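Asker: Provided herewith is a single structure, encoded as structure tokens, for subsequent inquiry.
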């Protein structure tokens, strides 16, 4: 089919609104979020304007890329937005609404174990299926979109673990998402992994498909497109992190138009999974490949003699083998608008922004927050952050946002237990623009002459109120250890939490020893903390405490000590028995320090309490060379081997295989140590 005839199949929209860059901008080279609202394509923009103003963006979002293009009688892809919003927690409920004739926005708010294993729910047209924050998991099965099914959105879900023990499994067709003859489908912000066959299959003339901001990992076959002699499929694939998959990354067969941009393909060195090839243009495919990043991939870009493939702006690091291009292909901007990110920024963008987002799937009925403004220059209601906290009414029933304008606020801040539902949010373009900093340490004299601070009392910001959030700012303790060698200890906390449902979202927490104290209000009280898309910096026990805490999709930066030496401990959990401790997931650990100097953790039995059962799990995380090959160690006479320390599927120079000194979770154990297991019935959402 000629390009001119293909163009005739599309009715281009009258106006296009591009939203191709992250919605939260961060410091150069730092983390960022993926977009929560896609490109408004032909026809879809008018429907978006007409949507109910009270509905959140995730419930009214429409697709970008080829899924936004009007064709086959369908005007863009907007899913079930015109239908009722329902929340499901069981397989029966999910099947009821996904297979219904009516449109629905279906919010998955629990882990659903599919029965039988491998079952693929047959989704009908006009559906949005979205996970609630990070709690929507489909385990052991997936979704099937058959011939003629159209206008379907699948977002913000984790679909995993249908694996049946055979790597190149040809017996079990247990995909995460399979479509045979569907059209106008948007697959966005999902985590797809460890299935029995492929993660995504776009087959049998399926078309007008966009796949964006997903994590695809730990599978033999990532993503297959085609399986027909007809050259009709139009597909956009952008901002996906394809990691530790052997083949079909993707394999694109007989696609009329395949537009791939800003994807990150990563083959991690030293693991059992070896890439066979990366992006593959097969048959009569016309492919345009732009600004993607290939790390360690064998045969990163290949094409058949009959296919066309145009490359521009891609980065290849540590790759080998075939890297091919040729032919004229097509101009994607003839069909829709889009914006490219620099290829060099793609790994950091996707490590933080791909996969499920806490801001999607949240309640649609949240009351609008009250906002208090803080500005050093007097242009706000208050000139200090503490003054704004003081203005929050005691026992407030709804959210109060303290919006802090850019500047350095040298003060200590305490949010007392009787002031819940507080958000402290920087208003600058970067989390570096708004800084709350002080320099107290354990042993520092109190200004009223009543003695000295202890470790907890040294905190620059102390949070004792439930349902607290911090966003887009830096909290720092700049205590000068070198100038204070007379003090017996150098514990200097930047941020202390002693509350439940604390969400630290897109922040920097910076210090040296004891940077981030994640505590609970009392030993018998639950205190959950979720740290996401953030930086935590330090050197000795700098993530510590007895809270049930998750550090997810974040950068943990190791710092040298005051004398220039390298060495320290990332975590020091003091978890109560039968509680969950510290979970580090989907993150990175490294810094400008010497090799093999840092432990991942040690057990803190606070006060010598032998009843405690400290726990740290580090999983799916990149470990730099600074991490020791024996990453756990004893503390104050307590052996780490008597407590709970483990890893799962980490990568990088500091990772290692299982041994008595390096416990690794089994797949079954890891399935019970997901982020959702730590957070329980709480789904963090931005507010």
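Numbering (my numbering), first residue to last: 2 to 688. For glycine and all other residues, C-beta sits at the position ideal for the given N, C-alpha and C. Predicted, not measured: the structure shown is a model, and the values here were computed from it.
Would you say residue 186 and residue 146 are within 8 Å of each other, going by their C-beta atoms?
Answerer: Taking the first residue of the chain shown as position 1, residue 186 is located at position 185. Taking the first residue of the chain shown as position 1, residue 146 is located at position 145. Yes, Cβ-Cβ distance for residue 186 and residue 146 is below 8 Å.
Asker: So what does DSSP say about residue 97, is it helix, strand or coil?
Answerer: Walking along the chain shown from the start, residue 97 turns up at place 96. The answer is helix: DSSP assigns residue 97 an H, G or I state.
Asker: Quick one: residues in its chain with C-beta nearer than 6 Å to the C-beta of residue 88, no 5 flanking neighbours on either side, listed in chain order?
Answerer: Your numbering for residue 88 matches position 87 in the chain shown. So the list reads 108 and 110, once near-sequence residues are dropped.
Asker: Using CA coordinates, which residue listed in 513, 489, 483 and 548 is at the minimum distance from residue 495?
Answerer: In the chain shown, the residue the question calls residue 495 occupies position 494. Ranking the options by Cα distance to residue 495, first place goes to 513.
Asker: Quick check: the segment 438-450 against the segment 484-495, are there 3 or more CB pairs under 8 Å?
Answerer: With the cut-off at 8 Å, the segment 438-450 and the segment 484-495 touch.
Asker: Going by Cα to Cα distance, which pick from 585, 614 and 626 is closest to residue 593?
Answerer: Reading the chain shown from its first residue, position 592 is the one you call residue 593. Checked all of 585, 614 and 626; the closest Cα to residue 593 is 626.
Asker: Tell me whether residue 455 sits in a helix, a strand or coil according to DSSP, three-state version.
Answerer: The count along the chain shown starts at 1 and reaches residue 455 at position 454. Coil at residue 455, not helix or strand.
Asker: Does DSSP classify residue 391 as helix, strand or coil?
Answerer: Residue mapping note: residue 391 aligns to position 390 of the chain shown, counting from 1. In the structure shown, residue 391 sits in a helix (DSSP, three-state: H, G or I).
Asker: Hey, how far is the Cα of residue 411 from the Cα of residue 620?
Answerer: Sequence index remark: in the chain shown, residue 411 carries index 410 (1-based). Sequence index remark: in the chain shown, residue 620 carries index 619 (1-based). Rounded to the nearest angstrom, the two C-alpha atoms are 36 Å apart.
Asker: In whole angstroms, what is the alpha-carbon distance linking residue 39 and residue 66?
Answerer: Residue mapping note: residue 39 aligns to position 38 of the chain shown, counting from 1. Residue mapping note: residue 66 aligns to position 65 of the chain shown, counting from 1. Any reading at residue 39 is ruled out, since the residue's pLDDT is 33, under 50, leaving its predicted position unreliable.
Asker: Threshold first: 3 residues or longer. Then list the beta strand (DSSP E) segments lying entirely within the segment 639-677, N to C.
Answerer: 645-649
Asker: Compare the beta carbon distance of residue 420 and residue 395 with 8 Å and say whether it is the shorter of the two.
Answerer: One-based indexing of the chain shown puts residue 420 at position 419. One-based indexing of the chain shown puts residue 395 at position 394. The answer is yes: Cβ separation under 8 Å.
Asker: Please report the straight-line C-alpha distance between residue 659 and residue 556, rounded to a whole angstrom.
Answerer: By 1-based counting over the chain shown, the position of residue 659 is 658. By 1-based counting over the chain shown, the position of residue 556 is 555. Rounded to the nearest angstrom, the two C-alpha atoms are 24 Å apart.
Asker: Would you mind reading off the limits of the alpha helix (DSSP H) that contains residue 354?
Answerer: Position 353 of the chain shown, counted from the first residue, corresponds to residue 354. From DSSP, the alpha helix (DSSP H) with residue 354 extends over 347-354.
Asker: To which residues of the same chain is residue 1 closer than 6 Å at the C-beta, ignoring the five residues directly before and after it?
Answerer: This structure does not reach residue 1, given that the chain is present from 2 up to 688, and the question cannot be answered.
Asker: CA-CA distance, residue 63 and residue 119?
Answerer: Residue 63 sits at position 62 when you count from the first residue of the chain shown. Residue 119 sits at position 118 when you count from the first residue of the chain shown. Between the alpha carbons of residue 63 and residue 119 lies a distance of about 29 Å.
Asker: Could you name the residues of the same chain whose beta carbon sits closer than 6 Å to that of residue 648, not counting the 5 residues immediately before and after it, in chain order?
Answerer: Counting from one through the chain shown, the residue named residue 648 turns up at place 647. Closer than 6 Å at the Cβ level, and outside the excluded window around residue 648, lie 619 and 665.
Asker: What does the alpha-carbon distance come out to for the pair residue 316 and residue 504?
Answerer: Looking up residue 316 in the chain shown gives position 315. Looking up residue 504 in the chain shown gives position 503. Straight-line Cα distance between these residues: approximately 35 Å.
Asker: Under 8 Å between the Cβ atoms of residue 354 and residue 134?
Answerer: Counted from its first residue, the chain shown places residue 354 at position 353. Counted from its first residue, the chain shown places residue 134 at position 133. Going by C-beta atoms, residue 354 is not nearer than 8 Å to residue 134.
Asker: Closer than 7 Å by C-beta to residue 116: which residues in its own chain qualify, once you throw out the five before and the five after it? Chain order, please.
Answerer: Taking the first residue of the chain shown as 1, we reach residue 116 at position 115. Within the same chain, residue 116 has close Cβ partners 92.
Asker: Counting only the same chain and skipping the five closest in sequence on each side, list residues whose C-beta sits under 6 Å from that of residue 472.
Answerer: The count along the chain shown starts at 1 and reaches residue 472 at position 471. These residues qualify, in order along the chain: 426, 506 and 507.
Asker: Any chance the segment 171-179 sits against the segment 194-201, with 3 or more Cβ pairs inside 8 Å?
Answerer: yes
Asker: In terms of residue numbering, what span does the alpha helix (DSSP H) encompassing residue 187 cover?
Answerer: Numbered from its first residue, the chain shown carries residue 187 at position 186. Note, residue 187: premise wrong, no alpha helix (DSSP H); beta strand (DSSP E) at 184-189.
Asker: Which residue's Cα is closest to the Cα of residue 571: 166, 351 and 616?
Answerer: By one-based count along the chain shown, residue 571 stands at place 570. Sorting 166, 351 and 616 by C-alpha distance to the C-alpha of residue 571 places 616 at the top.
Asker: DSSP state of residue 131, grouped into three classes?
Answerer: For the purposes of this step, residue 131 is taken as residue 130 along the chain shown, with counting starting at 1. The answer is strand: DSSP assigns residue 131 an E or B state.
Asker: Which residues does DSSP pair with residue 471 in a beta bridge?
Answerer: Translated into the one-based positions of the chain shown, residue 471 becomes position 470. The partner list for residue 471 (beta bridge, DSSP) reads 425 and 505.
Asker: Under 8 Å between the Cβ atoms of residue 68 and residue 210?
Answerer: As a first step, residue 68 must be located in the chain shown, where it is residue number 67. As a first step, residue 210 must be located in the chain shown, where it is residue number 209. In this structure, residue 210 lies closer than 8 Å to residue 68 by Cβ.
Asker: Assess, as a yes-or-no matter, whether the segment 378-389 is touched by the segment 148-156 under the definition of 3 or more beta carbon pairs within less than 8 Å.
Answerer: no
Asker: Under the three-state reduction of DSSP, which class applies to residue 333: helix, strand or coil?
Answerer: By one-based count along the chain shown, residue 333 stands at place 332. Three-state DSSP puts residue 333 in a helix.
Asker: Ignore the nearest five residues each way along the sequence and tell me which others in residue 294's own chain have a CB closer than 6 Å to its CB.
Answerer: Looking up residue 294 in the chain shown gives position 293. Cβ within range, chain order: 265, 316, 344, 347 and 348.
Asker: Helix, strand or coil: which one does DSSP assign to residue 385?
Answerer: Position 384 of the chain shown holds residue 385. If DSSP states are grouped into helix, strand and coil, residue 385 belongs with coil.
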